[in-house]
Amino acid sequence: MRLHKLLLVGILPSAFAYCPPPGPLLPPPDFHANSVLNPDQTDAIKQLNASFSIRGSIGGEPAFEFDYTAASHNVTITGNTMYRIASVTKVFTVLAVLLQKEKMRMDDPIGKFVPELKGGMWDDVTVGALCSQTAGLPKDLLNNTFVYPVNSRPAYSSPAYIILGFALENATGKPYNDVIRDLIIKPLGLNLTGFDTPTPDKDIALLGDPWSARDFGTYNATAGLWSTPNSLLAFLNSILQSKLLSPAQTRAWLKPHTFTSTLTQAVGAPWEIMRPANLNLTYPRPIDLYTKMGSVPTYAAHAVLIPEYDLAISIMAAGSNSNEAVAKLIGMGVENLVPIADQLARQQAADKYVGTYVSTNLTNNASLTIALDDGPGLAIPEWKNQGKDMLDTFSQIASVERENFGFRLYTMGLGDRWRVGFESVKNGASFADMGCDSWLLVDSYRYGKQPLDELEFRVKGGKVEGVWAPGLRLYLKKETRYGRI
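Throughout the sequence shown, residue numbering follows mature numbering (1 follows the signal peptide of the UniProt record, and there is no 0), covering -17 to -1, 1 to 468 in sequence.
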């Protein structure tokens, strides 16, 4: 059998000391605990003229909840209080488009469904461009031309979603409200989500500006929904759990379509994607937050998905300072919940996988040690096969000095199959050193047509019994739990 290098080994040294693959580094955590939110942290928000609610979950399990009723409001806020969620409605609209894949596709020209929009630049506008805010539409469609060339840069547009509402109606032969009800609200049992203005006998945060409580008509597709904190959180968890889309479709949806002028923000369909890199994590790194904010006079809402941790947050506020309240609440929720989810993921991965694994064939003299340290994923401080140090072997193949080379272990998102990352230290500051090449190096080394950078754990009753290294045709039995390094 021969060792096949599917990429030039010269690429390898360009990776940074820690250059993990994109996406989750460890499996998402299981969560069973009491609230992780300290109510005292909301004191500053309580000074605002706003009632508010916040809910968070990890793996679909409640992680915290908090409701506050402003002194000037005459309703007691609960998890079933109805708020107008404004532009968070856009998430429902895009999901409805995705669920109509037999009738509508993202690359279809919008003129196919709205014949009035044919000719000129409109022929370049697709359903996907409208969903991802890259159609270049003005705020006033009747009196202005395109503000940007189609697909050139993002420009937030509520009229784009009004058009999507028309397109859904023409594609399905149903009113837009019925499309959302039949495709999303009824299948998910979201009984407290809908377009009808709640009547006074309902538990409703009905405050202030009467315009915000009226029927939005053709604006429903962009900002018309009412919902509750509990109902919105259930909807967000349904996305993470792929209840309506397939897992592959969900993963495709939770991706950026274009970028803004900052390194920490991107734009999806309709996601406002944030990538904060300053959260309190053991291994600091950017974390992808798929969010959608909504606001109309006296109402504001924010939906947050963090797929890496299977984490969801719903935030709603009502009152003259509702926007300010929601802005403070999202920071508080993310800064509290993400570090806890990260520590849970690390500890649960360590409890399950960390240890020393030894060959059952004593003549092979093979062993593998997996440990937890402060780096990404899990560490592999020792790996031997036939008495030879695998770190030595691969550092020679990569032409990297042994002391500057190491192995790490990352989840693949495919059950108990994990990927070995080859890490080399490079401290340069050149343009070429800006990249992180781990995504180029996946499955780069094979022996006899089998991957050398993959490990498959054998699990029984939730406990790891051993690990199979397909490239080495080697099974290693778990003997001892190896601690933190």
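Note that the Cβ used here is the ideal one computed from N, Cα and C, for glycine as well.
### Query
Should N348 go down as buried or exposed, given a rule of 16 or more other Cβ atoms within 10 Å for buried?
On the sequence shown, position 365 is the one that residue 348 refers to. With fewer than 16 other Cβ atoms within 10 Å, it is exposed.
#### Entry: Run of the alpha helix (DSSP H) containing W105, from where it starts to where it stops
Taking the sequence shown and counting its residues from 1, one reaches residue 105 at position 122. No alpha helix (DSSP H) holds W105; DSSP gives it neither H nor E.
### Query
In terms of DSSP beta bridges, what is I187 paired with?
The residue you call residue 187 lines up with position 204 of the sequence shown. Answer is M65.
### Message
Just to confirm, is the Cβ distance from G277 to S55 under 8 angstroms?
### Response
On the sequence shown, position 294 is the one that residue 277 refers to. On the sequence shown, position 72 is the one that residue 55 refers to. No, these two residues do not count as a Cβ contact at 8 angstroms.
#### Entry: Per DSSP, cross-strand counterpart(s) of I298
As a working note, residue 298 is residue 315 in the sequence shown. Checking the DSSP bridge columns, you'll see I298 partnered with I37, H285.
### Message
What does the alpha-carbon distance come out to for the pair E44 and G398?
### Response
The residue you call residue 44 lines up with position 61 of the sequence shown. The residue you call residue 398 lines up with position 415 of the sequence shown. Those two C-alpha atoms are separated by around 20 angstroms.
### K29, DSSP secondary structure in three states
Here residue 29 refers to the residue found at position 46 of the sequence shown. Three-state DSSP puts K29 in a helix.
### Task
On the DSSP bridge assignment, give the partners of S278 in chain order.
Here residue 278 refers to the residue found at position 295 when the sequence shown is read from its first residue. BP columns for S278 point to A283.
### Query
CB-CB under 7 angstroms to P214, same chain, minus the five flanking residues each way: which ones, in chain order?
For the purposes of this step, residue 214 is identified with residue 231 of the sequence shown, where counting begins at 1. Looking at the sequence provided, one finds Ser at residue 214 rather than Pro. Cβ within range, chain order: L173, L175, T176.
### Task
Please look up how many angstroms separate the CB atoms of Y458 and T376, rounded, as I've assumed it's under 8 angstroms.
Position 475 of the sequence shown, counting from 1, holds the residue named residue 458. Position 393 of the sequence shown, counting from 1, holds the residue named residue 376. About 20 angstroms separates the Cβ atoms of Y458 and T376, ruling out a contact at the 8 angstroms cut-off.
### Task
In the DSSP assignment, find the unbroken beta strand (DSSP E) run with S303 in it and report its ends.
Taking the first residue of the sequence shown as 1, we reach residue 303 at position 320. Run containing S303: none; DSSP gives neither H nor E here.
### Task
Please state if the CB of L320 and the CB of L294 are separated by a distance shorter than 8 angstroms.
The residue given as residue 294 occupies position 311 in the sequence shown. The residue given as residue 320 occupies position 337 in the sequence shown. Yes, they are a contact pair.
### Query
What number of angstroms, rounded off, separates the C-alpha of D356 from the C-alpha of T180?
Along the sequence shown, one-based indexing puts residue 356 at 373. Along the sequence shown, one-based indexing puts residue 180 at 197. So the alpha carbons of these two residues sit roughly 53 angstroms apart.
### Message
Spatial neighbours of G449 within its chain, please: C-beta separation below 7 angstroms, excluding the five flanking residues on both sides.
### Response
On the sequence shown, residue 449 is found 466 positions in, with the first residue counted as 1. Contacts found: Y340, R441, Y458, L459, K460, K461.
### Query
Under three-state DSSP, which class holds A252?
Mapped onto the sequence shown, residue 252 falls at position 269. Three-state DSSP puts A252 in coil, outside helix and strand.
#### Entry: Limits of the alpha helix (DSSP H) - the one that V97 falls within
Position 114 of the sequence shown, counted from the start, is the residue given in the question as residue 97. No alpha helix (DSSP H) contains V97, which DSSP labels as neither H nor E.
### Query
When the Cα of A79 is compared with those of A206, I68, I163, which residue comes out closest?
As a working note, residue 79 is residue 96 in the sequence shown. Of the candidates A206, I68, I163, I163 places its Cα closest to the Cα of A79.
### Query
Helix or strand or just coil, what does DSSP make of E152?
Along the sequence shown, one-based indexing puts residue 152 at 169. Residue state, collapsed to three classes: helix.
#### Entry: One or two residues paired with T339 in a DSSP bridge
For this step, residue 339 is matched to residue 356 along the sequence shown. Its beta-bridge partners are T352, T463.
### Task
Let me know if F14 comes out buried or exposed under the rule of 16 or more other beta-carbons within 10 Å of its beta-carbon.
Here residue 14 refers to the residue found at position 31 of the sequence shown. Classification of F14: buried, given that the 10 Å Cβ count is 16 or more.
### Task
Would you mind giving the Cβ-Cβ distance between I296 and G39, rounded to the nearest angstrom? I have them listed as a contact below 8 angstroms.
To locate residue 296, count along the sequence shown from 1; it is residue 313. To locate residue 39, count along the sequence shown from 1; it is residue 56. Confirmed, Cβ separation roughly 5 angstroms.
### Task
Leaving out five residues on either side along the sequence, give the residues of the same chain with a beta carbon under 8 angstroms from the beta carbon of K446.
Indexing the sequence shown from 1 puts residue 446 at position 463. Cβ neighbours of K446 within its own chain (closer than 8 angstroms, five residues either side excluded): K335.
### Task
List the DSSP bridge partners of T394.
For the purposes of this step, residue 394 is taken as the residue at position 411 of the sequence shown. T394 is bridged to W401.
### Message
Taking a contact to mean a Cβ-Cβ separation below 8 angstroms, would you say C114 touches V77 in this structure?
### Response
By 1-based counting over the sequence shown, the position of residue 114 is 131. By 1-based counting over the sequence shown, the position of residue 77 is 94. Yes, the Cβ-Cβ distance between C114 and V77 is below 8 angstroms.
### Query
S378 to L361, Cα distance in whole Å?
Counting from one through the sequence shown, the residue named residue 378 turns up at place 395. Counting from one through the sequence shown, the residue named residue 361 turns up at place 378. Between S378 and L361, the C-alpha separation is close to 19 angstroms.
### Message
To the nearest angstrom, how far is the alpha carbon of R456 from that of R429?
### Response
In the sequence shown, counting from the first residue as 1, residue 456 sits at position 473. In the sequence shown, counting from the first residue as 1, residue 429 sits at position 446. C-alpha separation (whole angstroms): 12 angstroms.
### Query
Can you name, in chain order, every residue of its own chain whose Cβ lies under 7 angstroms from the Cβ of K29, other than the five neighbours on each side?
Counting from 1 along the sequence shown, the entry for residue 29 is found at position 46. Result list for K29: Y51, in chain order.
### Query
Does the Cβ of K73 have 16 or more other Cβ atoms within 10 Å, making it buried, or fewer, making it exposed?
Here the question's residue 73 lines up with position 90 in the sequence shown. Flag for K73 reads buried.
#### Entry: Where the alpha helix (DSSP H) containing A79 begins and where it ends
Translated into the one-based positions of the sequence shown, residue 79 becomes position 96. Looking at the DSSP string, the run of the alpha helix (DSSP H) that includes A79 is 72 to 81.
#### Entry: F377 - containing alpha helix (DSSP H), residue span
By one-based count along the sequence shown, residue 377 stands at place 394. F377 -> alpha helix (DSSP H) spans 373 to 380.
### Task
Run the CB neighbour count on Q116, radius 10 Å, all protein chains shown included, and call it buried at 16 or more, exposed below.
Counting from 1 along the sequence shown, the entry for residue 116 is found at position 133. Around the Cβ of Q116, a 10 Å sphere holds 16 or more other Cβ atoms; the residue is buried.
### Query
Is F178 helix, strand or coil when you go by DSSP?
Here residue 178 refers to the residue found at position 195 of the sequence shown. The answer is coil: DSSP assigns F178 none of H, G, I, E or B.
### Message
To the nearest angstrom, how far is the alpha carbon of V41 from that of Y292?
### Response
For this step, residue 41 is matched to residue 58 along the sequence shown. For this step, residue 292 is matched to residue 309 along the sequence shown. Checking the sequence shown, residue 41 turns out to be Ile, not Val. Approximately 7 angstroms, taken between the alpha carbons.
### Query
Is M89 closer than 8 angstroms to G111 when the C-beta atoms are compared?
As a position in the sequence shown, residue 111 is number 128, starting the count at 1. As a position in the sequence shown, residue 89 is number 106, starting the count at 1. The beta carbons of G111 and M89 sit closer together than 8 angstroms.
### Query
Distance, Cα to Cα, V403 vs V337?
Within the sequence shown, residue 403 is the residue found at index 420, counting from 1. Within the sequence shown, residue 337 is the residue found at index 354, counting from 1. A straight line joining the alpha-carbon of V403 with that of V337 spans about 14 angstroms.
### Residue span of the beta strand (DSSP E) that contains A54, given as start and end
Walking along the sequence shown from the start, residue 54 turns up at place 71. In the DSSP assignment, A54 falls outside any beta strand (DSSP E), carrying neither H nor E.
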